[in-house]
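Numbering (the numbering used here), first residue to last: 856 to 1197.
All C-beta atoms in this analysis are idealised placements derived from N, C-alpha and C, irrespective of residue type, glycine included.
Source: prediction; values computed, not measured.
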């Protein structure tokens, strides 16, 4: 494999999960941002993960959105010039969103499997002149199939669509159910040396997503939290609504947590890496900016020490957002100091 990465950041809310268009979208992420990433921490970041959404890249009838493809191409050019590698991540589909409450059509309608493979066939044809040293493809962000075999089936279709045109392109393949660690044993991994296995890590959620409005299971909680240990102390838990408290218990959201728990959580990904001899990559991890700063720093230090110990490459979520390493003006945040300060 010629595509190798160690540390990077996610370019969120640009070509993905954003209503910005035209001049506003063009101004949100520029060549200056790429240079800033290359310089942060004295060159400690070597790549970006670049989420792109179907609805930004193609219109409803499947025609390319020219401006979005121009921006994608420009970002790849900027990164090549700056010496940064890129993982192009197909983040959201019209028939698949990781927050879908019902089974996404991607897994229930055979036509959507073929259409998904077709999107990758088109992306591959557009990007196949890019060096395999510098650009990789991630099939889908956080698949949420109710049956993991449905994700395996759909992933195979996209994988083969790429391999028909690019036998040596590195493909990033993630496990089912939000790319979580505990589903890694369910993942079908082709016999292919040009693969990277990816997972995401946001545990415990009461620390990483404290008061996050999009987190349905616990974002409404705004009381005291702590790390390490059980995020919500017994006395604070007792004061909660019965249904809320029962939901927390049923989903194991308040288990005792610290560095040892992180290592235990990674047993499956590490075992699959050992069996396949493929690189392991945490494509997303992070802690919301509303989490108390001391807890946030402690969590980052622990997860980064685990990545170092077990030789796991990573890209934090995100570059310029509510988890970001820079603020909206491009100035480094406290997160940057923790991520890149060693």
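6 Å CB neighbourhood of residue i in its chain, flanking five on each side removed
{"i": "residue 1170", "result": "863, 864, 865, 904 and 1138"}
{"i": "residue 979", "result": "1017, 1020 and 1021"}
{"i": "residue 911", "result": "870 and 923"}
{"i": "residue 867", "result": "1173 and 1176"}
{"i": "residue 894", "result": "none"}
Same chain, Cβ closer than 7 Å to residue i, five either side skipped, listed in chain order
{"i": "residue 1092", "result": "1100 and 1109"}
{"i": "residue 935", "result": "989"}
{"i": "residue 953", "result": "996, 997, 999 and 1033"}
{"i": "residue 918", "result": "none"}
{"i": "residue 856", "result": "1025, 1048 and 1049"}
{"i": "residue 875", "result": "883"}
DSSP state of residue i mapped onto helix, strand, coil
{"i": "residue 1114", "result": "helix"}
{"i": "residue 934", "result": "helix"}
{"i": "residue 998", "result": "coil"}
{"i": "residue 1054", "result": "strand"}
{"i": "residue 1206", "result": "An answer regarding residue 1206 cannot be provided, because it is not within the stretch 856 to 1197 covered by the chain."}
{"i": "residue 1162", "result": "helix"}
{"i": "residue 1169", "result": "strand"}
{"i": "residue 1175", "result": "coil"}
{"i": "residue 941", "result": "strand"}
{"i": "residue 1078", "result": "coil"}
Top-ranked residue by Cα proximity to residue i, from the options
{"i": "residue 886", "options": "946, 932 and 1040", "result": "932"}
{"i": "residue 1196", "options": "917, 1146, 1161 and 899", "result": "899"}
{"i": "residue 869", "options": "943, 858, 937 and 982", "result": "943"}
{"i": "residue 1111", "options": "957, 1129 and 1089", "result": "1089"}
{"i": "residue 1053", "options": "873, 1123 and 1069", "result": "1123"}
{"i": "residue 1006", "options": "968, 923 and 1037", "result": "968"}
{"i": "residue 1073", "options": "1082, 1095, 1012 and 1050", "result": "1095"}
{"i": "residue 1008", "options": "1038, 977, 1044 and 984", "result": "1044"}
{"i": "residue 1155", "options": "1133, 1186 and 1194", "result": "1194"}
{"i": "residue 964", "options": "977, 974, 1042 and 950", "result": "950"}
{"i": "residue 1130", "options": "1159, 1039, 1085 and 1061", "result": "1039"}
{"i": "residue 1041", "options": "1065, 1004 and 1060", "result": "1004"}
{"i": "residue 970", "options": "1163, 913, 1062 and 1023", "result": "913"}
For residue i, the first and last residue of its enclosing alpha helix (DSSP H)
{"i": "residue 1103", "result": "1097 to 1105"}
{"i": "residue 916", "result": "Unbroken run through residue 916: none, as it is neither H nor E."}
{"i": "residue 892", "result": "886 to 894"}
{"i": "residue 1140", "result": "Here residue 1140 belongs to no alpha helix (DSSP H); instead the beta strand (DSSP E) covers 1135 to 1140."}
{"i": "residue 1093", "result": "1089 to 1093"}
{"i": "residue 976", "result": "965 to 982"}
{"i": "residue 950", "result": "Run containing residue 950: none; DSSP gives neither H nor E here."}
{"i": "residue 1041", "result": "Premise fails: residue 1041 is in no alpha helix (DSSP H) and is neither H nor E."}
Terminal residues of the beta strand (DSSP E) in which residue i lies
{"i": "residue 864", "result": "862 to 865"}
{"i": "residue 904", "result": "902 to 908"}
{"i": "residue 1026", "result": "1026 to 1029"}
{"i": "residue 991", "result": "990 to 993"}
Nearest-angstrom beta carbon gap, residue j and residue i [assumed within contact, 8 Å]
{"i": "residue 1153", "j": "residue 1082", "result": "6 Å"}
{"i": "residue 1058", "j": "residue 940", "result": "Not really, about 27 Å apart at Cβ, beyond 8 Å."}
{"i": "residue 993", "j": "residue 945", "result": "7 Å"}
{"i": "residue 947", "j": "residue 872", "result": "7 Å"}
{"i": "residue 1143", "j": "residue 1158", "result": "Their Cβ separation, rounded to whole angstroms, is 14 Å, which puts residue 1143 and residue 1158 out of contact at 8 Å."}
Below-9 Å beta-carbon distance, residue i vs any chain C residue
{"i": "residue 1112", "result": "This model lacks chain C altogether; it includes just one protein chain."}
Own chain partners of residue i with C-beta closer than 8 Å, once the 5 adjacent residues on each side are dropped
{"i": "residue 958", "result": "1000 and 1001"}
{"i": "residue 1161", "result": "1114, 1117, 1118, 1121 and 1167"}
{"i": "residue 1037", "result": "1120 and 1123"}
{"i": "residue 1125", "result": "1135 and 1165"}
{"i": "residue 1011", "result": "1043 and 1045"}
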